[in-house]
Structures are given as C-alpha cells and as structure tokens.
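Last residue of the sequence shown: 345 in my numbering, with the numbers rising by one and none dropped.
Even for Gly, the Cβ is constructed at its ideal location relative to N, Cα and C.
One structure below.
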Amino acid sequence: MKEIAIMEPLGISAEELAARKKPFEEQGWVFRDYARTTDRETLIQEARDAEVMILANMPMPGEVISACEHLKFIDVAFTGVDHVGLDAARAKGIAVSNASGYSNEAVSELVLGMVLSLLRNLRAVEDRCRAGATKDGLVGGELRGKTVGIIGLGKIGRRSAEIFHAFGAEILAQCRTKHDDLPAYIQQVSQDELLRHADIVVLHCPLDDSTRGMINAAKLALMKPTALLINVARGPVVVSRDLADALNRGVIAGAAIDVFDTEPPLNPDEPLLNCKNCLVTPHVAFATRESMSLRAQIVFDNLAAWIGGQQQNVIV
30 MKEIAIMEPL GISAEELAAR KKPFEEQGWV FRDYARTTDR ETLIQEARDA EVMILANMPM
90 PGEVISACEH LKFIDVAFTG VDHVGLDAAR AKGIAVSNAS GYSNEAVSEL VLGMVLSLLR
150 NLRAVEDRCR AGATKDGLVG GELRGKTVGI IGLGKIGRRS AEIFHAFGAE ILAQCRTKHD
210 DLPAYIQQVS QDELLRHADI VVLHCPLDDS TRGMINAAKL ALMKPTALLI NVARGPVVVS
270 RDLADALNRG VIAGAAIDVF DTEPPLNPDE PLLNCKNCLV TPHVAFATRE SMSLRAQIVF
330 DNLAAWIGGQ QQNVIV
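Now the structure itself:
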C-alpha cells in the first residue's frame, strides 16, 4: 500500500481536497489526514508508514524524519522550509519540494495594508471614533513620495516593489545577489544604505545563518526616527527585544510584525506585544482563500511531478 500522510490541514474545503486526492487514489495511493501537532512521538507514529509527507508550516524535526523508514518525499505547502529538518532529509536521500509562488499576492497585499494602516494611524483613529473622539494629534501621512526599502528580492519582494511603485514610492532594494533583470524603478543598494534612506523597510528575506538576528539594535539605529519596519519574512530575522526597545525609545516610529520567534499563539510576555507603535498579526500574510487554493494546486502538482520522476520546486 502506497501511503501519503497529510500532517496538518491545508486550509481548503473538504470538497476541494477530495477532488485533488482523487487522481492519486485512482493510482492506488492512500491518504491519511492528521491534525496539527508538535508532539514528536505522535508525528513519528503518524508518518512511520508513509512514502510521502505533506505539511505546511508545522515544525518537522529531523528526529521525526530519521525515524520514518519508508519516507521518500516531503511536499511542503509553504515557501520557507526552515521548519523542516533538511539535514536529516539529505542524509536519508529524501526529496523535498516547496510551494514557492503561492502567496506572492497575499503577502504583498498585506504588506501594503500594514503600511497604510501605520501611515494613517488606523487602529488609533478607529478607537477614537468608537469613543466619540476626534482625530486630533493623529493626522497621518501618504505613501506617495516615500522611499521603500525592500530586503529580499524574490518573487514576493519584487511584487511588493511593483505595488509600492504603483503608489508613487521610490524603491530601494538589497539582496545577496546582483540582479540584472530588475525594472528600472528598483535601485539595488547596500543594506546599510537602504536602512539609512528608507522611510519604510520591508523584510522579504529567507531565514538562514546569514539573516538570523540581522535586524538588531545596531541596524535599527541606522534607520530614520520616522521610519517604519515591516516583517513578513521570518521572526528570527529581527531581534525582538531590540525592536521593542527601539520602538519604546523612539529610535524608529513604528513597526508591523506578522512573524515571531515562535508560531502563535504567543506567550503574553512577547516583547513585541508589549511595546509602543507596533501592529501585530498572528502569521496571516500568506493566508487568503485564493492563496490556499493555489498552494494546494502547487502541492499536488509537486506530488504528481515527483511520482512521475520529474521533481519540481526542488529544495533537496
């Protein structure tokens, strides 16, 4: 029996999931669907007989992967894969693919919404309105004419640049590689230059050894006191306590954070829940009805490609 373990819900309707499973079931594959968990022994029991594991952003430790003797393919319904024990997968010759591209629109649109919310003080003015008060002291600013600095020029970073350019912003970008195919409106600069000149800094970079803790007290001190920081990349790219301190001391004007050092629900003492001028969301940037459906399409396309011997969206 050829088994596929879906380790957590994929955010689509039961009808859509059934339709996507059907061609594989007709080929003799059997799906096992599980609720999300972080208990390692439970994960091992659930996946121990599977040849294929499908998961989204739940942690999948190398210990679990190593214990799954039949596992041949990990199909990640997410763009980032830092939550997957890739070293264990490499050691066992297990193929890994991701769902790159599914959330380009969703993430970029949330970034725009966050920036507009911060610029126009939406949370504060709504509270004023509900309390029968006025806008006094809360007059906002406009995006047009601002300089937006984007760190990370993958597909999502480029889409964000396109959207901000359409709003009349100047675009600076920093990436580890020099791109020769960028639109003329994107100017590649060093990270320090970007931080010094940008009115809005948007993080779209992956999490790895070079980006972990990248935005710390020293980097925040380079930014304008009127600047905003948006993190929809990975939580550990930013040193949370340094950012909370910078916001409390007015080193920068505000931040919007969708990702944290741990997945929500967050501990009540999380620094970014207890500082000034910080808009927080519980890792929702990728999650729209449209993106969830596109993600499922990519995941099952990845599965079909791997079964056919033509792995795509290759990570390992």
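query	result
Cβ distance (whole Å) where Ala85 is taken to contact Glu32 below 8 Å	Their Cβ separation, rounded to whole angstroms, is 19 Å, which puts Ala85 and Glu32 out of contact at 8 Å.
Spatial neighbours of Ala96 in its chain, beta-carbon cut-off 6 Å, leaving aside the 5 residues before and after	Ile73
One or two residues paired with Ile244 in a DSSP bridge	Val267
Expected contact under 8 Å - CB spacing of Ile94 and Lys51 to nearest Å	Contact doesn't hold; Cβ gap of about 28 Å is too wide.
Any chain D beta carbon closer than 8 Å to Lys51	Among the chains of the structure shown, chain D does not appear; only one protein chain is present.
Cut-off 8 Å between Cβ atoms - residues of its own chain near Arg149, not counting five sequence neighbours on either side	Gly169 and Gly170
Residue from Asn260, Lys305 and Ala334 whose Cα sits closest to the Cα of His312	Asn260
Cut-off 6 Å between Cβ atoms - residues of its own chain near Arg324, not counting five sequence neighbours on either side	Ala106, Ala128 and Tyr131
Residues of its chain near Ala334, where Cβ-Cβ distance is below 7 Å and the 5 sequence neighbours each way are ignored	Gln340 and Gln341
Neighbourhood of Pro254 by C-beta distance below 8 Å, restricted to the same chain and skipping five residues each side	Gly279, Val280, Ile281 and Ala282
Residue interval of the alpha helix (DSSP H) (run including Gln203)	No alpha helix (DSSP H) contains Gln203, which is instead part of the beta strand (DSSP E) from Glu199 to Gln203.
Rounded straight-line distance, which links the Cα of Val140 to that of Ile180	13 Å
8 Å Cβ cutoff met for Arg49 and Phe329	yes
Exposure label - Asn303; buried when at least 16 CB within 10 Å	exposed
Contact check, Leu147 vs Leu308, beta carbons under 8 Å	yes
Boundaries (first-last residue) of the beta strand (DSSP E) holding Leu302	Here Leu302 belongs to no beta strand (DSSP E), and DSSP marks it neither H nor E.
Neighbour-count burial assignment, His233, 16 or more Cβ in a 10 Å radius	buried
Rounded separation between Asp156 and His112 - CA only	37 Å
Three or more C-beta pairs below 8 Å linking the stretch 262–271 and the stretch 237–247	yes
Cβ neighbour criterion (16 or more within 10 Å) applied to Arg205	exposed
The ligand ADP heavy atom lying under 7 Å from the CB of Lys50	Ligands in the displayed structure: none, and consequently the ligand ADP is not present.
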